[in-house]
Amino acid sequence: YRDHEAWSSLTNFIADVVIFYTLCKIRPENKRLLLFVYFLSPIVFFSSYLEGQLDLVATSLMVVAVYRVIRYDILFASIFFASALLCKSTAIIALPFMLIYLWRKKAYASLIKFSIIVAMVYIAGSLPFIFDSKNYIQTVFFNPQQNFIFNSGYAIGHMQLYPIIMILAATIIRFAMYRKINSDLFLGYLLLPFVFLLIFAYPIPSLFVWIVPFLSIFVAQSSKKHLESFLIYILFCSVYIIFFLFLYLSI
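Okay, so the sequence shown: first residue is -18 according to my numbering, each after it adds one.
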């Protein structure tokens, strides 16, 4: 058990460093601030090191993929994103925004290449487990924690209404309506769907980990103009600590 715990902590630490390094590549002028708001984040520390959750690995792969998309390094972006999907299907939330970004940048060849490679790598990575394990599909696609979206519906007569799906769809459509999309807008919109999941679906600890990198970019991006962004970060961390230490763990 101790060996497993040590290996889990080491894996999370490596993923932590990878995310921090990538964020510094995205915002090189704000390295010190990123050190505070991301690398020393109580959310990452609590979720990944105290609880031993491995969502940080999938998050790191997705963050690297997003950075590589911005750099038009499509081969590595595709491989990293497909790997994130293989780790956690939660990463699928970012896919529409990545495709729209490439489309609005008129990088049509990159868009097709990205889509094909992601599909190929994902299928290749899934096939061995599909045939070797009867529980693979149940674990990956029907995991209770990963299907919290479908657990947040409301029954209206004979119909089941899912507000979060409608909100996510509206966010994707709004993002696609922009004629010109830069990297700042792209990164900002990647933050929104995860925040909406927390608000309108059941807040699980691992979901907070996916938010922190993009929230850190938001704080770094607006730190010189808006003190409010930093206060939002402090409030976000405070809500997390209060909820999960005094409410979630007692349920």
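Beta carbons: idealized from backbone N, C-alpha and C, even for Gly. Note that this is a predicted model, so its numbers are computed, not measured.
Beta carbon of residue i nearer than 9 Å to that of residue j
| i | j | result |
| --- | --- | --- |
| R8 | I198 | yes |
| Y170 | R85 | no |
| F189 | I81 | no |
| V18 | A63 | no |
| I148 | F181 | yes |
| I73 | L66 | yes |
| I192 | F224 | no |
Among the options, the one whose alpha carbon lies nearest that of residue i
| i | options | result |
| --- | --- | --- |
| F175 | A105, I213, T71 | T71 |
| L173 | F62, N163, T152, I162 | T152 |
| N11 | I215, A201, S210, F211 | A201 |
| A75 | V47, D36, N163 | V47 |
| Y2 | T(-8), A(-13), V44 | V44 |
| S(-11) | V(-2), M140, Y30 | Y30 |
| A(-13) | S22, Q34, L4 | Q34 |
| L4 | I223, L196, F225 | L196 |
| K6 | P194, I223, F217 | P194 |
| D(-3) | R13, L21, A88 | L21 |
| Y221 | I154, K161, S187 | S187 |
| K161 | F224, K87, I104 | K87 |
| F156 | P77, I104, F217, F(-6) | P77 |
| S210 | T(-8), F225, L14 | L14 |
| N239 | M79, Y103, N(-7) | No statement about residue 239 is possible, as the shown extent of the chain runs from -18 to 232 and does not include it. |
| D36 | S203, I185, K94, F227 | I185 |
| L179 | L168, L208, I146, I154 | I146 |
| L226 | I111, E32, F110 | E32 |
Inter-residue Cα distance where the pair is residue i and residue j
| i | j | result |
| --- | --- | --- |
| F177 | S96 | 26 Å |
| S219 | D165 | 26 Å |
| I232 | I55 | Reliability fails at I232, whose pLDDT of 48 lies under 50, so the model's placement of it is uncertain and no value is given. |
| S91 | L83 | 7 Å |
| I60 | F26 | 27 Å |
| Q141 | L(-9) | 43 Å |
| N(-7) | G106 | 22 Å |
| P144 | A150 | 10 Å |
| L108 | S203 | 44 Å |
| I104 | Y89 | 23 Å |
| F233 | V102 | Within the shown structure, residues of the chain are numbered from -18 to 232, placing residue 233 beyond reach of any answer. |
| F110 | K94 | 25 Å |
| L212 | K69 | 30 Å |
| H139 | I154 | 28 Å |
| I(-5) | L208 | 31 Å |
Inter-residue CB distance, residue i and residue j (contact presumed, cutoff 8 Å)
| i | j | result |
| --- | --- | --- |
| A39 | V50 | Not a contact, Cβ separation roughly 16 Å. |
| V(-1) | S28 | The pair is not a contact, with the Cβ atoms about 16 Å apart (cut-off 8 Å). |
The ligand NAP heavy atom lying under 8 Å from the CB of residue i
| i | result |
| --- | --- |
| S164 | Among the components of this structure there are no ligands whatsoever, and the ligand NAP is therefore not found. |
Below-9 Å beta-carbon distance, residue i vs any chain C residue
| i | result |
| --- | --- |
| A(-13) | Protein chains in the displayed structure number just one, and chain C is not present. |
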